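Going down the list, the protein sequences come from chains G and C.
What the first sequence shows, in the numbering used here, is residues 1 to 429, in sequence order.
What the second sequence shows, in the numbering used here, is residues 1001 to 1249, in sequence order.
The beta carbon of each residue, even a glycine, is placed where N, CA and C say it ideally should be.
Small disclaimer: the values here were computed from a predicted structure and weren't measured.
Structure, as structure tokens:
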Amino acid sequence: MKQPVLRRAGKALALAIVAALLLGALVAWLNVRGEEPVDATPPPAATTEQIERGAYLAHAGNCVGCHTARGGVPYAGGRAVPTPFGDVYAPNLTPDAATGIGGWSDSQFWRALHHGRSRDGRLLYPAFPYPNYTRITRTDADAIHAYLRSLAPVHLQNRPHELRFPFDQQAALAVWRALYFRAAPFEPDPARTAGWNRGAYLVEGLGHCNACHASRNLLGATSNPLDLAGGLIPVQNWYAPSLTSASEAGVADWPAADVAALLKTGVAPQASVSGPMSEVVLGSTQHLNASDLSAMVEYLRALPRAEVMPPPEAASGVKPNAVGAKLYDQHCAACHGERGEGVRGAYPALAGNRAVLLETPANLVHIVLEGGFAPSTAGNPRPFGMPPFATVLSDTEVAALLSYLRASWGNQAAPVSALEVSRFRSSSR
Amino acid sequence: MNISLRRLGAATLCAVAAGLPGIAVQAATAPFENTMAQRMQACTGCHGAQGRAASDGYYPRIAGKPAQYLYNQLVSFRDGRRDYVLMTNLLAPLDDAYLREIAEHFASLEIPYPPAQPATADVDTLSRGEQLVTRGDAALRVPACVACHGSALMGVAPAIPALIGMPRDYLNAQLGAWRTGKRHAPGPDCMAQIAQRLAPQDISALSQWLAAQPVPAAAKPATALPAAMPLECGGTAGTAGTSASGAPR
């Protein structure tokens, strides 16, 4: 009687082991598919043109933004990229042989960008946006590598990531990659113009716009590099608005020159950048040449338009509150105008401002608490600024003030609660 | 927001809230001008109108301080050598050229100083404070404050700040921050060395005495020091008479 039971259990166990092995093999295969054997030959001497091109492309990818600690040597790494799973520290990209990427071959550098694997074969965390960088051409990758090799080497040990179990395990990363990552070069669309295709290459690839402008699932994955429908940036809690929606940050209805101005200078007649986008303009888009900017603008203006949602029910019939009105007169009206009209080129209008009307008040809370300047760029070298109110206004007052803005001068957006303010205040850092 | 900021926020909330409305009302009546003063409203919200200091005793006066000193502080906040998250976030998107212009703007403002803060310490403490400021303490290897900050204590252009005309709380907070490694200057960080040699009661004595000194009308930073500085300081490049080669440590 006993033996058949045991035999059955044994069979089930064997089956489970085989299934696990097969699944493991599948995950492993999904992680290396399409990879060519890596060539460890040291890179050939770079030409000046290649180095200059690489410097330009590194700007387009804003590599320096993550790979530089606050106040540190550019590209020497050490900045934490905060994620819901822990902090990922960007490594040293200077050509120091011991601590940087001085010993890397072109092929190894390409594999990191295209396949998300380090020189020693380790899987890289997608905080390094290789789901976007996989679109970069080999020629561009070689140029970026040539530029990085031209920098002065900095001897600075990489800081180990601080990730929670099980996210610190390579096996977990392998499963994530099997589910969400597929190495794929950029495929031009022959039905579109050269400008549109160049724009798509920059937006989807180097620019990695959707690393912020898309929502992420529970495991931190975006759906694909084409998704630009907006999302809350994890941990930082700034909302990167949808680039496809006319009610958020879509630019289909803007004159092309205004979109280019926003990316080049940080300010446009309709809006100015703030928060993490200031960093992007500062480190990346202000450095793009006119032809790449216009390509990017062509692509962004041609994005498929999302349906514009009517204001939520909570927004209808809300009257401006008296406490908020008083706070506005006291702290805001001097610059933003008594009717929220702003001052063109200096202080954004608040009446009809899309950033004021976004469903989530995340950015509004950040801006009121932290204040801020538009980035100083060649096109706007002396930006105007707003003082921080973090030590001046309580959560309740910020809530009253924001609810007032969102219900005044024709604005129609849902009120903001003190609880929401408190939640976003705690993420100001 | 980090804990220290929360604590600070709680401590200064009432004072700042009380200080701001006056500024806002003043600004509301002023028409928009395309000027540096207009741009600097991001700063004067906390640092007081024209950077004359807020009434809370924490946000310091920035008007009339030496330009290179102000510039060094702006860069230090932006690049993480000084630690105050509101300043760091505010300055993050600004480049060196604009920070220099901001520094020069505030350095050029000649605003009357507030009256001195009456001392609350006993006579012995004040005399200890005066001793440290004017003569230093050889046993502690602490040079006199006047040796670098000028005999009038109004600082020395372009990089050494005044020590009078500032509230006691601010002086205590800064010396304390240097002592505990919270505040840094470009190396060699002479002020960190000095603060680490001072006991907390010495710092308190210094601050008591300094805050109680009146600032003479039209006082300005000196243009040069009469003798070499006793310590080497990384932040003071360009100050006449500051070479400290061979100076005792």
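Subject >> residue 424 of chain G at chain C interface by Cβ criterion, 8 Å >> reply: Here residue 424 of chain G refers to the residue found at position 424 of the first sequence. Not closer than 8 Å to any Cβ of chain C, the Cβ of residue 424 of chain G fails to qualify, so no.
**OP:** Run down chain C in chain order and give the residues with a C-beta less than 7 Å from the C-beta of residue 343 of chain G.
**Re:** As a working mapping, residue 343 of chain G is identified with position 343 in the first sequence. Neighbours of residue 343 of chain G on chain C, chain order: 1032.
**OP:** Please list, in chain order, all residues of the same chain as residue 153 of chain G whose beta carbon is under 8 Å from its beta carbon, the five residues on each side excluded.
**Re:** As a working mapping, residue 153 of chain G is identified with position 153 in the first sequence. Closer than 8 Å at the Cβ level, and outside the excluded window around residue 153 of chain G, lie 94, 95, 96, 97, 100, 102.
**OP:** Residues of the region 1094-1116 of chain C with a CB closer than 8 Å to any CB of chain G: list them in chain order, please.
**Re:** 1094, 1095, 1097, 1098, 1101
**OP:** Would you verify that the beta carbon of residue 340 of chain G is, or is not, closer than 8 Å to some beta carbon of chain C?
**Re:** Taking the first residue of the first sequence as position 1, residue 340 of chain G is located at position 340. No, residue 340 of chain G lies away from the interface with chain C (no Cβ there is under 8 Å from its Cβ).
**OP:** Apply the 10 Å Cβ neighbour rule to residue 157 of chain G and answer buried if 16 or more other Cβ atoms are within range, or exposed otherwise.
**Re:** Looking up residue 157 of chain G in the first sequence gives position 157. Result: exposed.
Original post:
Using Cβ-Cβ distances below 8 Å, what residues of the region 1032-1059 of chain C are close to chain G?
Top reply: Cβ contacts with chain G come from 1032, 1034, 1036, 1038, 1039, 1040, 1041, 1042, 1043, 1044, 1045, 1046.
Subject >> Interface residues of chain G facing residue 1155 of chain C [CB-CB closer than 8 Å] >> reply: Numbered from its first residue, the second sequence carries residue 1155 of chain C at position 155. Near residue 1155 of chain C there are no residues of chain G at all, since even the closest Cβ is about 25 Å away, more than 8 Å.
Original post:
Going straight from the alpha carbon of residue 316 of chain G to that of residue 1185 of chain C, what length do you get?
Top reply: In the first sequence, the residue the question calls residue 316 of chain G occupies position 316. In the second sequence, the residue the question calls residue 1185 of chain C occupies position 185. Rounded to whole angstroms, residue 316 of chain G to residue 1185 of chain C spans 54 Å at the Cα level.
**OP:** Return no unless some Cβ of chain C is closer than 8 Å to the Cβ of residue 234 of chain G.
**Re:** Translated into positions along the first sequence, residue 234 of chain G becomes position 234. So no, residue 234 of chain G is outside the interface.
**OP:** Work out the CA separation of residue 229 of chain G and residue 301 of chain G for me, nearest whole Å.
**Re:** The residue given as residue 301 of chain G occupies position 301 in the first sequence. The residue given as residue 229 of chain G occupies position 229 in the first sequence. Taking the straight line from one Cα to the other gives about 14 Å.
Original post:
What's the C-alpha gap between residue 1028 of chain C and residue 334 of chain G?
Top reply: The count along the second sequence starts at 1 and reaches residue 1028 of chain C at position 28. The count along the first sequence starts at 1 and reaches residue 334 of chain G at position 334. Annotation note: pLDDT 45 at residue 1028 of chain C (below 50); position unreliable, coordinate value reported separately. The C-alpha of residue 1028 of chain C lies about 4 Å from the C-alpha of residue 334 of chain G.
Subject >> Contact between the region 1150-1158 of chain C and the region 1036-1049 of chain C (3+ Cβ pairs under 8 Å) >> reply: No: fewer than three Cβ pairs fall under 8 Å.
Original post:
At a CB-CB cut-off below 8 Å, which residues of chain C make contact with residue 78 of chain G?
Top reply: Within the first sequence, the letter at position 78 stands for residue 78 of chain G. Correct list: empty, because the minimum Cβ distance to chain C is about 11 Å.
Original post:
From which residue to which residue does the beta strand (DSSP E) around residue 87 of chain G run?
Top reply: Sequence index remark: in the first sequence, residue 87 of chain G carries index 87 (1-based). Per DSSP, residue 87 of chain G belongs to the beta strand (DSSP E) from 86-89.
Subject >> When C:1060, C:1218, C:1126 are compared against residue 1204 of chain C, the one with the closest alpha-carbon >> reply: If you number the second sequence from 1, residue 1204 of chain C lands on position 204. Of C:1060, C:1218, C:1126, the residue nearest in Cα terms is C:1126.
Original post:
Mind pulling the chain C residues with CB within less than 9 Å of residue 71 of chain G?
Top reply: Within the first sequence, numbered from 1, the residue matching residue 71 of chain G stands at position 71. 1075, 1076, 1078, 1079, 1080, 1081, listed in chain order.
Original post:
When Cβ atoms are compared, which residues of the region 369-380 of chain G fall closer than 9 Å to chain D?
Top reply: Among the chains of the structure shown, chain D does not appear; the protein chains present are G and C.
Original post:
Any chance the region 1029-1045 of chain C sits against the region 375-395 of chain G, with 3 or more Cβ pairs inside 8 Å?
Top reply: yes
Subject >> Pairwise C-alpha distance: residue 1080 of chain C and residue 145 of chain G >> reply: One-based indexing of the first sequence puts residue 145 of chain G at position 145. One-based indexing of the second sequence puts residue 1080 of chain C at position 80. Answer to the nearest angstrom: the Cα atoms are 29 Å apart.
Original post:
What residues from chain C crowd round residue 107 of chain G, counting only those whose CB sits closer than 7 Å?
Top reply: As a working mapping, residue 107 of chain G is identified with position 107 in the first sequence. Those within 7 Å of residue 107 of chain G in chain C number zero; the least Cβ separation is about 36 Å.
Subject >> residue 77 of chain G vs residue 92 of chain G beta-carbon contact at 8 Å >> reply: Position 77 of the first sequence, counted from the first residue, corresponds to residue 77 of chain G. Position 92 of the first sequence, counted from the first residue, corresponds to residue 92 of chain G. Yes, they are a contact pair.
**OP:** Please classify residue 142 of chain G: is it buried, with 16 or more other beta-carbons within 10 angstroms of its beta-carbon, or exposed?
**Re:** Sequence index remark: in the first sequence, residue 142 of chain G carries index 142 (1-based). Residue 142 of chain G is buried by the Cβ-count criterion.
Original post:
Residues in the region 281-312 of chain G with C-beta within 7 Å of chain C's C-beta atoms, listed in sequence order?
Top reply: 282
**OP:** For chain C, find out if any of its Cβ atoms is closer than 8 Å to the Cβ of residue 385 of chain G; answer yes or no.
**Re:** Position 385 of the first sequence, counted from the start, is the residue given in the question as residue 385 of chain G. A Cβ of chain C is located within less than 8 Å of the beta carbon of residue 385 of chain G.
Original post:
Which of the residues in the region 382-408 of chain G, read from start to end, lie with their CB under 9 Å from any CB of chain C?
Top reply: 382, 383, 384, 385, 386, 387, 388, 389, 390, 391, 392, 393, 394
Original post:
Cβ of residue 1086 of chain C less than 8 Å from any chain G Cβ?
Top reply: The sequence position of residue 1086 of chain C within the second sequence is 86, counting from 1. Nearest CB-CB separation between residue 1086 of chain C and chain G: below the 8 Å threshold.
Original post:
Going along chain C, which residues have a C-beta under 8 Å from residue 279 of chain G?
Top reply: The count along the first sequence starts at 1 and reaches residue 279 of chain G at position 279. Within chain C, the residues near residue 279 of chain G are 1092, 1093.
Original post:
Within the 8 Å Cβ cut-off, does residue 1072 of chain C reach chain G?
Top reply: Position 72 of the second sequence, counting from 1, holds the residue named residue 1072 of chain C. It does not; no Cβ of chain G falls within 8 Å.
**OP:** Using beta-carbon positions only, say whether residue 1141 of chain C and residue 1202 of chain C come within less than 8 Å of one another.
**Re:** Here residue 1141 of chain C is taken as the residue at index 141 of the second sequence, counted from 1. Here residue 1202 of chain C is taken as the residue at index 202 of the second sequence, counted from 1. For the 8 Å CB-CB criterion, residue 1141 of chain C and residue 1202 of chain C do not form a contact.
**OP:** Classify residue 420 of chain G as helix, strand or coil using the three-state DSSP reduction.
**Re:** Here residue 420 of chain G corresponds to residue number 420 of the first sequence, with the count starting at 1. Of the three classes helix, strand and coil, the one that applies to residue 420 of chain G here is helix, per DSSP.
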